[in-house]
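Taking it in order: structure first as structure tokens, then the write-up.
Chains as they are written, first to last, in the numbering used here: chain A, 25 to 467; chain B, 25 to 467.
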């Protein structure tokens, strides 16, 4: 239940710029901790020039890099946001691989950002030069290979890495239903609780659920959507998840709510789904599938969806194909790979599906993250006691970085509704999604 | 103003199965007319077997092929829809290339369908085996080449072919505003007039137009949308179109409505667009662009859209990439190429755009075509007098075939809303699109 902590990796870390070799994934601080700083001495011109070149390569974000000796290197004249680099080793590591080492150094306390962390990261995201046009290599990779290793054994370890660090931890800062995906703020001023409830209801409306229908959910988290569908829409649900802790919690909830007959929580990979259902839904799983698995996922949906069934996939995405930040994939979400829409279509187009509706809820994820961030900071003391300071810094960075990514447009949130090609039992319009009321006036 | 008629091609046609060589595009009947049937004689077993094999290759649609001598070949036991093949030459031509020659033979009156034409074609569409997974060749073509020749000179001739056959002709069966794209039926029972007006308003709402903004429209038809935006939303519009007849009509309308100061109709290719605008809109043009031109179109939008501008592209599309029916591209819409969403993303993803909203209005296009078909049939006598019988049959087949394509899911209608990547002046939700009222309660 406890993640490897920073102290483990301290023993393996050294100050060399060369790669950090560590066996176990999940150690947040890949470099020597703040307590072991080398002797403070003057930075030299060559070092400041290296930083200057790094800023150039990053698109000259308006940041002010403040060195351990008070010297400064600014990415733009008007730069106001300050990033403090506390030792020479941190500087060298940063210029060697800023995308990876920024995170590791921040977690180790060797880089500090005195102001708003999300704002600083947003500034970096917005400045980054974007390589949007794929080269020949990218096209060949896209056409013939794929990305991310998420074959079943690896998938289980990837999921375990993030989701099995303790329900108690997530209870500290998620909403009461433990919904760990983008909420839907019908009203931007809504509470997190209200917005997560509205999201569950919004997904049900988009699926046009009718009482008595059967639903399969791939990647059900702590079960909030499955339970909501059963309770408020009278359907029966089979819900799959690889995380033992989440499944155990979801079953307890089903028992407590008297929904065990209607909702079957199954601890298994989504590739184990068997049977035929009126609806297929997956919220926040596609990001973990990897583009190489999209054809297989589409074929699975083809096998399990009724002739006039409806489907919805809710996933973090991209405006164009590009990889994840390496710090995130190494320390937070191994195997994560949010797709561009062109990539996502590999689920639908080769498998006989028709895309009916795509909505981009990017700003709703930014709002969700603001709420999570606020709650996380309120619980930071408890989290430190449960884990350690490095863990808190890692999650602080992860939440702020995600917030920055959604604010800056580096990440998107797509809800895709689909049905079988040629199926005419499809909604005439989207007006009913926004009708007042519903079962309990949620939206 | 008059299209080449069937009689021209009769001279060039012969009964051989080998290719029909004709210079001018636009001759509907590529084969000998009904009046010149060869002597009636008995069909032989080999001929009926050829037809049987053709039906097999077409996925055994439940059709009953009735030959000139009363013999029948059925694609399925329960087949009820009858297709009459009136002579041996028609049979041979049909089995040689059913996709191309069905249309030509129907127009020549050598194939007859006694019942509902659209229903018969829908049966064919629904049976067709679908080659959805691209092979290596298709992937390479998709990655490195493109499709359809729509460089400017060819684009002009392609557009002239379809849109300059006479405003009087289109006035016979379009709505009063001459909107020749998919309507939006807020109420499925709405009239064509109401539904086209609702579509114009729906597009404006999706663009979130505000008074005083500037809009550029690529491919403006007879100007209905540009005029509606100016009149009802207080914007100024530059609207581009390659068709001289449409532009002339649109300018007359602008004069008559006193909107000439607000709407500038420009007879030019969309690639001539210059300037910077708060909104980019294109309704029913992308189908004519060809996938090879998508990158260039996206780059153009990038040049002409303001930093916080909004865009909307409305286009016929596909559930997966595949070509147009060859009869349609030869005789009705040269250069037409409706894209799958994966292909359409080539406009947005490499050019710094973020897709906000995609809606599939397939069933609305089917309803629109039902209205057009009904009005066209009512005007068939007038159309015959303006052109000839072959022209009427060609357009009857085109409208019925399109209706069948939208009913069966062979074609889709996508409305794609987008903004620049990272632009945060984007709608919080879609709820306002469905708010009652509006300027004149249109939706």
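Note that beta-carbon positions come from the ideal geometry of N, C-alpha and C, so glycine has one too. What you are looking at is a predicted structure, and each value in this text was computed from that prediction instead of being measured.
Item to check | One or two residues paired with residue 242 (chain B) in a DSSP bridge | outcome: In the second chain, residue 242 (chain B) corresponds to position 218, counting from 1. Paired residue(s): B:264.
Checklist entry - Does DSSP classify residue 338 (chain B) as helix, strand or coil? => result Along the second chain, one-based indexing puts residue 338 (chain B) at 314. Reduced to three states, the DSSP call for residue 338 (chain B) is strand.
Next on the checklist: Tell me whether the region 365-385 of chain B and the region 366-374 of chain A touch, counting them as touching only if at least three CB pairs, one residue from each stretch, are closer than 8 Å.
Outcome noted: yes
Item to check | Proximity winner among B:246, B:285, B:412 and B:387, relative to residue 261 (chain B) (alpha-carbon distances) | outcome: Position 237 of the second chain holds residue 261 (chain B). Answer by Cα proximity: B:285.
Next on the checklist: Less than 7 Å between CB atoms is the rule here; does residue 224 (chain A) satisfy it with respect to chain B?
Outcome noted: Reading the first chain from its first residue, position 200 is the one you call residue 224 (chain A). No, its Cβ sits nowhere closer than 7 Å to a Cβ of chain B.
Item to check | Against chain A: residues of the region 432-445 of chain B by CB proximity under 7 Å | outcome: 432, 433, 436 and 445
Next on the checklist: Within 10 Å of its beta-carbon, does residue 335 (chain B) have 16 or more other beta-carbons around it, so buried, or fewer, so exposed?
Outcome noted: By one-based count along the second chain, residue 335 (chain B) stands at place 311. Buried is the call here.
Checklist entry - Taking the alpha helix (DSSP H) that residue 12 (chain B) falls in, what are its first and last residues? => result It is not possible to answer for residue 12 (chain B), since the shown part of chain B is limited to 25 through 467.
Next on the checklist: Taking CB distances under 7 Å as the criterion, tell me whether residue 362 (chain B) reaches chain A.
Outcome noted: For the purposes of this step, residue 362 (chain B) is taken as residue 338 along the second chain, with counting starting at 1. So, not an interface residue.
Checklist entry - Run through DSSP, which three-state label would residue 58 (chain B) get? => result As a position in the second chain, residue 58 (chain B) is number 34, starting the count at 1. Its pLDDT being 45, under 50, residue 58 (chain B) is placed unreliably in this model, and the coordinates cannot settle the point.
Checklist entry - In chain B, which residues lie with their C-beta within 8 Å of the C-beta of residue 377 (chain A)? => result On the first chain, position 353 is the one that residue 377 (chain A) refers to. 343, listed in chain order.
Next on the checklist: Between residue 452 (chain A) and chain B, is the shortest Cβ-Cβ distance under 7 Å, so that the two count as touching?
Outcome noted: In the first chain, residue 452 (chain A) corresponds to position 428, counting from 1. At least one chain B Cβ lies under 7 Å of residue 452 (chain A).
Next on the checklist: Would residue 414 (chain A) and residue 146 (chain A) qualify as a contact pair, given that the criterion is a beta-carbon distance under 7 Å?
Outcome noted: Start at 1 with the first residue of the first chain, and residue 414 (chain A) comes out as number 390. Start at 1 with the first residue of the first chain, and residue 146 (chain A) comes out as number 122. Contact flag unset, no.
Checklist entry - Span of the alpha helix (DSSP H) holding residue 326 (chain A)? => result Locating residue 326 (chain A) in the first chain gives position 302, where the first residue counts as 1. Note, residue 326 (chain A): alpha helix (DSSP H), 318-328.
Item to check | Interfacial residues, the region 378-392 of chain B to chain A, with Cβ spacing under 7 Å | outcome: 378, 379, 380, 381, 382, 383, 384 and 387
Checklist entry - Hey, does residue 294 (chain B) have any beta-carbon neighbour from chain A nearer than 7 Å? => result Here residue 294 (chain B) refers to the residue found at position 270 of the second chain. Chain A, which has no Cβ nearer than 7 Å to the Cβ of residue 294 (chain B), makes this no.
Checklist entry - If contact means a Cβ-Cβ distance below 8 Å, which residues of the region 296-311 of chain A contact chain B? => result none
Checklist entry - Looking at residue 110 (chain B) and residue 485 (chain B), is the spacing between their C-beta atoms short of 7 Å? => result Absent from the structure is residue 485 (chain B), since the part of chain B shown begins at 25 and ends at 467.
Checklist entry - I think residue 362 (chain B) touches residue 311 (chain B), with their Cβ atoms under 8 Å apart; what is that distance to the nearest whole Å? => result Residue 362 (chain B) sits at position 338 when you count from the first residue of the second chain. Residue 311 (chain B) sits at position 287 when you count from the first residue of the second chain. With 8 Å as the limit, residue 362 (chain B) and residue 311 (chain B) qualify as a contact, their Cβ atoms being about 5 Å apart.
Checklist entry - Would residue 65 (chain A) be called buried (16 or more neighbouring beta carbons within 10 Å of its own) or exposed? => result Here residue 65 (chain A) refers to the residue found at position 41 of the first chain. Counting Cβ neighbours within 10 Å, residue 65 (chain A) comes out exposed, since fewer than 16 surround it.
Checklist entry - Since residue 208 (chain A) contacts residue 226 (chain A) with CB under 8 Å, what's their CB separation in whole angstroms? => result Taking the first chain and counting its residues from 1, the one referred to as residue 208 (chain A) is at position 184. Taking the first chain and counting its residues from 1, the one referred to as residue 226 (chain A) is at position 202. Right, their Cβ atoms sit about 5 Å apart.
Item to check | Residue ranges of each beta strand (DSSP E) within the region 425-466 of chain A, 3 or longer | outcome: 436-444
Checklist entry - CA-CA distance, residue 49 (chain A) and residue 120 (chain A)? => result Counting from one through the first chain, the residue named residue 49 (chain A) turns up at place 25. Counting from one through the first chain, the residue named residue 120 (chain A) turns up at place 96. Caution is warranted here: a pLDDT of 34 is assigned to residue 49 (chain A), below 50, making its placement in the model unreliable, and no coordinate value can be reported.
Item to check | chain B contact for residue 130 (chain A) (CB, 7 Å cutoff) | outcome: For the purposes of this step, residue 130 (chain A) is identified with residue 106 of the first chain, where counting begins at 1. Taking Cβ atoms only, chain B never reaches closer than 7 Å to residue 130 (chain A), which makes this a no.
Item to check | Contact set for residue 169 (chain A): own chain, Cβ-Cβ below 6 Å, skip 5 residues either direction | outcome: Residue numbering aside, residue 169 (chain A) sits at position 145 when the first chain is read from its first letter. Reliability fails at residue 169 (chain A), whose pLDDT of 44 lies under 50, so the model's placement of it is uncertain and no value is given.
Item to check | Test: residue 339 (chain B) CB closer than 7 Å to a CB of chain A | outcome: Residue 339 (chain B) sits at position 315 when you count from the first residue of the second chain. Chain A contact via Cβ: absent.
Checklist entry - Is residue 112 (chain B) helix, strand or coil by DSSP? => result Taking the first residue of the second chain as position 1, residue 112 (chain B) is located at position 88. Of the three classes helix, strand and coil, the one that applies to residue 112 (chain B) here is helix, per DSSP.
Checklist entry - From what residue to what residue does the alpha helix (DSSP H) around residue 131 (chain B) run? => result Translated into positions along the second chain, residue 131 (chain B) becomes position 107. Note, residue 131 (chain B): alpha helix (DSSP H), 122-131.
Checklist entry - Quick one: is residue 85 (chain B) near chain A, going by C-beta distance under 7 Å? => result Position 61 of the second chain holds residue 85 (chain B). No, residue 85 (chain B) does not count as interfacial toward chain A.
Checklist entry - When every heavy atom of the ligand NAD is checked, does at least one fall within less than 6 Å of the C-beta of residue 95 (chain B)? => result Here there are no bound small molecules, and the ligand NAD is not part of this structure.
Next on the checklist: Within 8 Å, do at least three Cβ pairs link the region 383-398 of chain A to the region 371-388 of chain B?
Outcome noted: yes
Checklist entry - residue 90 (chain B) bridges to which residues according to DSSP? => result As a working mapping, residue 90 (chain B) is identified with position 66 in the second chain. The partner list for residue 90 (chain B) (beta bridge, DSSP) reads B:96 and B:108.
Next on the checklist: By the three-class DSSP mapping on this structure, what secondary structure does residue 352 (chain A) have?
Outcome noted: The residue you call residue 352 (chain A) lines up with position 328 of the first chain. Three-state DSSP puts residue 352 (chain A) in a helix.
Checklist entry - For the alpha helix (DSSP H) that residue 81 (chain B) lies in, which residues bound it at each end? => result Position 57 of the second chain holds residue 81 (chain B). Taken as a continuous stretch (DSSP letters only), the alpha helix (DSSP H) holding residue 81 (chain B) covers 69-81.
Checklist entry - Under 7 Å Cβ-Cβ, which residues of chain B neighbour residue 212 (chain A)? => result Residue mapping note: residue 212 (chain A) aligns to position 188 of the first chain, counting from 1. Simply 452.
Next on the checklist: Along the chain, where does the alpha helix (DSSP H) containing residue 145 (chain A) start, and where does it finish?
Outcome noted: Indexing the first chain from 1 puts residue 145 (chain A) at position 121. Here the alpha helix (DSSP H) through residue 145 (chain A) covers 141-151.
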